[in-house]
Amino acid sequence: MYLFKRKDDLERHLSTARKEGKRIGFVPTMGALHQGHLSLIAAAKENTDLVVCSIFVNPTQFNDPADFEKYPITIDQDILQLTAAGNDVLFLPSVQEMYPKGLAPEMHYDFGELETVLEGAHRPGHFQGVGQVVHKLLELVQPDKLFMGQKDFQQCLIINRLIKLLHLNVELVICPTLREQDGLAMSSRNLRLNPTERQNALHISRALYYIKNNLTQAPLKEIAGKAINVLKGNGFDVDYLDMVSIAPDGNIDFPAAPGKDPLYAVVAAREISSNVRLIDNMQVN
Ligand code: AMP
Numbered sequence: 001m002y003l004f005k006r007k008d009d010l011e012r013h014l015s016t017a018r019k020e021g022k023r024i025g026f027v028p029t030m031g032a033l034h035q036g037h038l039s040l041i042a043a044a045k046e047n048t049d050l051v052v053c054s055i056f057v058n059p060t061q062f063n064d065p066a067d068f069e070k071y072p073i074t075i076d077q078d079i080l081q082l083t084a085a086g087n088d089v090l091f092l093p094s095v096q097e098m099y100p101k102g103l104a105p106e107m108h109y110d111f112g113e114l115e116t117v118l119e120g121a122h123r124p125g126h127f128q129g130v131g132q133v134v135h136k137l138l139e140l141v142q143p144d145k146l147f148m149g150q151k152d153f154q155q156c157l158i159i160n161r162l163i164k165l166l167h168l169n170v171e172l173v174i175c176p177t178l179r180e181q182d183g184l185a186m187s188s189r190n191l192r193l194n195p196t197e198r199q200n201a202l203h204i205s206r207a208l209y210y211i212k213n214n215l216t217q218a219p220l221k222e223i224a225g226k227a228i229n230v231l232k233g234n235g236f237d238v239d240y241l242d243m244v245s246i247a248p249d250g251n252i253d254f255p256a257a258p259g260k261d262p263l264y265a266v267v268a269a270r271e272i273s274s275n276v277r278l279i280d281n282m283q284v285n
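Written as structure tokens, this is what we have:
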């Protein structure tokens, strides 16, 4: 595996590969890699000729400085995992390399109401930061296909819109959420949970399975309300737990009307004892 820390080295390598006719797949991450990330690498390997993974904990997308400071970093293990997975290129830039002019936004992305609901409502500025870094990375890597996880439901919609806004010629491939055997969605932030908190975090995926299994038993609002109460009763601050669907214009239809297909339950909740905020979602019909 090649490892580049500088943009110009990466660009040179990729330009040679492109001249050889290789189709480039790109998997942007913030590291602390788990099987969920590796499933994206596997999908990229299957669908393109050269896979680039980036690891960059992007400061501009953290609205909470403590969350940024505590974000897990396991770079040695990440490199071993990527090598074993057959990843071709790792891009590992510094903050200075990605933001040579400083962290102030260079432009504003018009994501419309998509960035005012759910995550957007609870993490002001988050999606502008995501837009900033993904824009820079896409311009640099110029991939044929971009692989992202359904785990970050709203992020996928934002990136879809970013690609349209910037008229980029890249296909967004959305890959399914990988879960631990007990149902917990894999996440780098799970590393910050002690065994008791890790066990408690299970209530999040259980809430989603509860909704899925009881969908026809009561009105959506009532089922969601019950799931919220279970989370609150088990030591969570619930930012949102909603039933949503995706409107034809790519916005989130929220709250979704019953009968919408596909219908998703989306949740963000802070496990109070660890102060770790987790998100998850599931198609429930
Ligand atoms: P992150 O490192 O958390 O920014 O995630 C990098 C990419 O991996 C994003 O596209 C995520 O949606 C995706 N991802 C994170 N967790 C999972 C998971 N459990 N299953 C599949 N993809 C995931």
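Here this note's numbering is used: the first residue of the sequence shown is 1, the next is one more, and so on.
Here a beta-carbon is modelled for each residue, glycine too, at the ideal position from N, C-alpha and C.
Since we're looking at a predicted model, the values are computed, not measured.
Mind checking which residues open and close the beta strand (DSSP E) that includes residue i?
{"i": "residue 9", "result": "That residue, residue 9, is in no beta strand (DSSP E); its alpha helix (DSSP H) goes 7-19."}
{"i": "residue 268", "result": "264-271"}
In whole angstroms, give me the CA-to-CA distance for residue i and residue j.
{"i": "residue 233", "j": "residue 179", "result": "24 Å"}
{"i": "residue 141", "j": "residue 73", "result": "23 Å"}
{"i": "residue 275", "j": "residue 15", "result": "44 Å"}
{"i": "residue 262", "j": "residue 181", "result": "25 Å"}
{"i": "residue 277", "j": "residue 37", "result": "19 Å"}
{"i": "residue 215", "j": "residue 285", "result": "7 Å"}
{"i": "residue 87", "j": "residue 41", "result": "7 Å"}
{"i": "residue 52", "j": "residue 83", "result": "12 Å"}
{"i": "residue 143", "j": "residue 25", "result": "6 Å"}
{"i": "residue 95", "j": "residue 106", "result": "15 Å"}
{"i": "residue 123", "j": "residue 78", "result": "27 Å"}
{"i": "residue 209", "j": "residue 282", "result": "8 Å"}
{"i": "residue 154", "j": "residue 31", "result": "20 Å"}
{"i": "residue 68", "j": "residue 248", "result": "34 Å"}
{"i": "residue 309", "j": "residue 254", "result": "Only positions 1 to 285 of the chain appear in the structure, and residue 309 is not among them; the question remains open."}
{"i": "residue 99", "j": "residue 221", "result": "44 Å"}
{"i": "residue 195", "j": "residue 23", "result": "42 Å"}
Ordered along the chain, which non-local residues of its own chain (more than five positions away) have a Cβ less than 6 Å from that of residue i?
{"i": "residue 151", "result": "177, 185"}
{"i": "residue 17", "result": "50"}
{"i": "residue 33", "result": "78, 81"}
Please list, in chain order, all residues of the same chain as residue i whose beta carbon is under 7 Å from its beta carbon, the five residues on each side excluded.
{"i": "residue 161", "result": "111, 114, 250"}
{"i": "residue 200", "result": "234, 235, 271"}
{"i": "residue 130", "result": "61, 155, 158"}
Tell me which residues share the same chain as residue i and place their Cβ nearer than 8 Å to its Cβ, disregarding the 5 neighbours each side in the sequence.
{"i": "residue 224", "result": "211, 241, 242, 243, 265"}
{"i": "residue 70", "result": "192"}
{"i": "residue 97", "result": "5, 6, 7"}
Counting C-beta neighbours from all protein chains within 10 Å, is the total for residue i 16 or more, i.e. buried, or is it exposed?
{"i": "residue 169", "result": "exposed"}
{"i": "residue 76", "result": "exposed"}
{"i": "residue 80", "result": "exposed"}
Whose C-alpha, out of the options, is nearest the C-alpha of residue i?
{"i": "residue 145", "options": "174, 117, 121", "result": "174"}
{"i": "residue 132", "options": "57, 69, 218", "result": "57"}
{"i": "residue 256", "options": "136, 226, 219, 59", "result": "219"}
{"i": "residue 120", "options": "84, 61, 139, 78", "result": "61"}
{"i": "residue 44", "options": "8, 229, 147", "result": "147"}
{"i": "residue 126", "options": "164, 54, 65", "result": "65"}
{"i": "residue 203", "options": "221, 188, 227, 195", "result": "227"}
{"i": "residue 207", "options": "267, 91, 117", "result": "267"}
Tell me the residue span of the alpha helix (DSSP H) that contains residue i.
{"i": "residue 199", "result": "195-200"}
{"i": "residue 170", "result": "It is not in any alpha helix (DSSP H) - residue 170 carries neither H nor E in the DSSP assignment."}
For chain B, is any of its Cβ atoms less than 7 Å away from the one on residue i?
{"i": "residue 38", "result": "In the structure shown, chain B cannot be found, because there is only a single protein chain."}
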